[in-house]
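For reference, the structure is listed below as structure tokens.
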Amino acid sequence: MTALKSGARTRAEAARVIDAVVSDGRSLDWALARSDEKVAPADRPVVHMLCYGVLRFHWLLRWQLAQLLDKPLKPRDSIVETLLAIGFFQLSDTRIPDHAAVSTTVEAARLLRRPRYAGLINAVLRNYVRKNISELEPADEEARLNHPAWLIQRFRTDWPDHWRQIIEANNDRAPMWLRINTRQKSALDYQTQNEIDGDLLAGVNGALKLRRPMRVEEIPAFDKGQVSVQDAAAQLAAPWLLARGGERVLDACAAPGGKTGHLLELLGPNAHLTAIDSDSTRLEGVRQNLDRLGQTATVLAADASKPGEWWDGKSFDRILLDAPCSASGVIRRHPDIKLLRRESDIQTLACRQGEMLAALWPLLEPAGRLLYVTCSVLAEENDAVIRKFLAAHGDAREDRVLHDYNIRDLMHDKNSGFQVLPGTQGLDGFYFACLEKVS
Amino acid sequence: MAKLKILEFPDPRLRKKAVPVENVDAALRQLVDDMFETMYDAPGIGLAATQVDVHRRLLVADVSSEKNEPWVLINPVILEKDGTEVSEEGCLSVPGYYEAVERAEHIRVRYLDRDGIEVESEFEGLLAVCVQHEMDHLEGKLFVDYLSEAKRQRIRKRLEKDRRSREEERATVF
């Protein structure tokens, strides 16, 4: 008889999720959401840990695999290679004892209906330990840096002095940041009263970095809407608009609604906010988030690049455009981006970003402010988009005055706009450019 | 010590009924050692002699996580059983399949131990399930026999297909 241990289940499930990303091009968020539905709550953290870790070190783990297999397995058994990568990751980067890492991974092969590979997996994992494969330094740059070659090249070109920092940050685990609604309570009071082990960040009111991540249900006053989970770099956006109650504010591309909620907290009771997003499914998440925060806004399923379809003709005093982008600044939170994004996507995204900017500009009141935001670190999606826009719009100028001098140290100046690089003070990588309409 | 080959469903030899062990001698103890080695290596938590093509009433088991609580049951007979328990079972002769099977929760068994001494033991939990599962083997019975005909046929077809493709693709480890 063989006993089924939860250890084997979690390895098999992680292999299915990773294979959906690697072989089928699914996003990690999508695959994990599906997996969470069938995995017991107690097992989810292990599945998530394995999926993030293995995707983060994808190129290194596959390189190590090539050192131990003389030829790749057949494409229909790609999940076995994924299982081996999961085994390597457990052996090299976790505190799981070697014997447990090996036995659970071997058993997982049976669960994945690949029992004939149990012997092979056992032998390869034992060789991995015996030959100290984890100590080998690959000559191959992709394997050493765990990024695709085209992205390494982009980082090098765009950030000649900082590309290594970017890559290191991308391969790191991201800390958990909270945003406290400072209208109700200061972040320091919240931290002290709830005895939270964390760090505040000067210049970003309400941001609290947790020293140890916690489950959302465990966050004090989360259900009361007093606090949200949001990276501190994303928390820079809403205050930058300098919006006040009574002004008409547009949040374009609002889903999942983190910045929408933040804007409403800052605007107070007299808020007039319209939040749009073209994805009606994700818009449902915005509504739920606002419900939790006890906030209201006009929420519309609408395409920011086609205002003719939804705009009522009344101008906005403030516009936040959190544009769809490559997400190359938040790879540490979405390691699947490294596998899913293609170099040709960048130009397509840059075109779309320029179109949105141009389409929304006429909606802005004279003397109004538009904040362009991406979570990318690539020049083509950031300052290149803004420079091109400024060149084509005589009534636009950039406001380079930071709304809080304390954030100066976080910012890298670009010709247009400012860049926060991933890893700086534990932040995600974000780009900001504030445009004003000359009256 | 030697590792033995485990028969796989639907091998007809798994259907043979085992005969009682007559002498607990050195040769039998050698078989017990080999069966433990085979079981630990697989890895499994129980193995009946039938599964390694020896049709005598003998089984080994170890359900501990440290693999340090070996049990040897020779000529086992269930004296009492009570309660019912459903658990997911897998079998080294039906690799890759786990299905819910109902068994007695608690059993009392009389058997000869590795020195040939007659003893009685009470088993519960996973060990009780395991002993019942292995005793079924000695009768030529498999856990898939508790499943629906359709399910059993599906498993049989899959395993036969696996076996056919096994020879053609064997990645080399060096």
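Just so you know, the protein sequences line up as chains A and B, in that order. Note that our numbering has the first sequence beginning at -6, numbered continuously upward. Note that our numbering has the second sequence beginning at 3, numbered continuously upward. Here a beta-carbon is modelled for each residue, glycine too, at the ideal position from N, C-alpha and C.
Residue i, enclosing beta strand (DSSP E) - first and last residue
| i | result |
| --- | --- |
| A106/B | V96 to L114 |
| Q32/B | No beta strand (DSSP E) contains Q32/B, which is instead part of the alpha helix (DSSP H) from A28 to D43. |
| V222/A | V220 to V222 |
| R390/A | A389 to E391 |
| E82/B | W73 to C93 |
| V413/A | F411 to V413 |
| E429/A | F423 to K430 |
| A200/A | A200 to L203 |
| L61/B | L60 to A63 |
Extent of the continuous alpha helix (DSSP H) run through residue i
| i | result |
| --- | --- |
| E24/B | Neither: E24/B is in no alpha helix (DSSP H) and is coded neither H nor E. |
| L353/A | E336 to L353 |
| N115/A | A111 to R123 |
| H41/A | R37 to R49 |
| A78/A | S71 to D86 |
| P232/A | A230 to W233 |
| F382/A | D376 to A385 |
| C132/B | G127 to L140 |
| E100/A | D91 to L104 |
| L312/A | In the sequence as presented, Leu is not what sits at residue 312/A; that position holds Ile. It is not in any alpha helix (DSSP H) - I312/A instead sits in the beta strand (DSSP E) that spans F309 to D315. |
Candidates the options, of which the one nearest residue i by Cα
| i | options | result |
| --- | --- | --- |
| A162/A | H140/A, D284/A and R285/A | H140/A |
| E87/B | C93/B, H108/B, V79/B and L94/B | H108/B |
| R345/A | P262/A, E374/A, P168/A and W143/A | E374/A |
| A200/A | R69/A, G238/A and P232/A | P232/A |
| P328/A | D36/A, Q158/A, L43/A and A33/A | L43/A |
| A325/A | V117/A, G422/A and L58/A | Just to set this straight, residue 325/A is Arg in the shown sequence, not Ala. Selected option, being the one with the closest Cα: G422/A. |
| A230/A | T3/A, Y424/A and D165/A | Y424/A |
| L266/A | R393/A, L276/A, A245/A and G218/A | A245/A |
| N125/A | D272/A, D224/A and F81/A | F81/A |
| P97/B | S85/A, V47/A, T75/A and M(-6)/A | M(-6)/A |
| V103/B | R112/B, C93/B and R110/B | C93/B |
| A59/A | T98/A, L48/A, R49/A and T75/A | T75/A |
| V95/A | A78/A, R106/A and R109/A | A78/A |
| L81/B | A51/B, Y100/B, P12/B and F125/B | F125/B |
| K67/A | R107/A, P90/A and L54/A | R107/A |
| T417/A | H396/A, S432/A, V370/A and A389/A | V370/A |
Assigned exposure category for residue i - 16 Cβ within 10 Å defines buried
| i | result |
| --- | --- |
| E30/A | exposed |
| S298/A | buried |
| L181/A | exposed |
| N115/A | buried |
| V146/B | buried |
| E135/A | buried |
| E240/A | buried |
| Y121/A | buried |
| A102/A | buried |
| G153/A | It should be pointed out that residue 153/A corresponds to Pro in this sequence rather than to Gly. It is exposed - the Cβ of P153/A has fewer than 16 other Cβ atoms within 10 Å. |
| S67/B | exposed |
| H139/B | buried |
| G254/A | buried |
| F176/B | Below a pLDDT of 50, predicted positions are generally treated as unreliable, and F176/B, at 41, falls in that range; no measurement from the model is reported. |
| T289/A | exposed |
| A226/A | buried |
| E210/A | exposed |
| G287/A | exposed |
| D224/A | buried |
| G238/A | exposed |
| A29/B | exposed |
Cβ-heavy atom distance, residue i to the ligand MG, below 7 Å
| i | result |
| --- | --- |
| L181/A | Annotation note on the ligand MG: not contained in the displayed structure, which lists no ligands. |
Sequence-distant residues of its chain with Cβ nearer than 6 Å to residue i (five each side left out)
| i | result |
| --- | --- |
| A173/B | Residue placement at A173/B cannot be trusted, given a pLDDT of 46 that sits under 50; what the coordinates show is reported in the next sentence. Cβ within range, chain order: n/a, list empty. |
| Y365/A | L314 and A426 |
| E100/A | A1 |
Close Cβ partners of residue i (< 7 Å) along its chain, the five nearest in sequence each way excluded
| i | result |
| --- | --- |
| R15/B | L9 and D55 |
| A13/A | R19 and A24 |
| Y45/A | P328 |
| W56/A | P131, D133 and A136 |
| P168/A | K202, L203 and G419 |
| D402/A | none |
| G278/A | A248, P249 and G250 |
| L276/A | A248, D270, V292 and A294 |
| V394/A | none |
Cβ shell of residue i (< 8 Å), same chain only, five flanking positions each side left out
| i | result |
| --- | --- |
| V21/B | H57, R58 and R59 |
| W156/A | I145, F148 and R149 |
| E391/A | I379, L383, S409, G410, A426, C427, L428 and E429 |
| D36/A | S(-1), R2, T3 and E6 |
For the stretch 120 to 193 of chain A, which segments carrying the beta strand (DSSP E) assignment without a break, of at least 3 residues, lie completely within its bounds, in sequence order? Correct list: 170 to 173 and 191 to 193.
Kindly provide the ranges of any beta strand (DSSP E) runs that are 3 or more residues long and lie completely inside the stretch 224 to 289 of chain A, ordered along the chain. The stretch 224 to 289 of chain A contains these whole beta strand (DSSP E) runs: 241 to 245 and 265 to 270.
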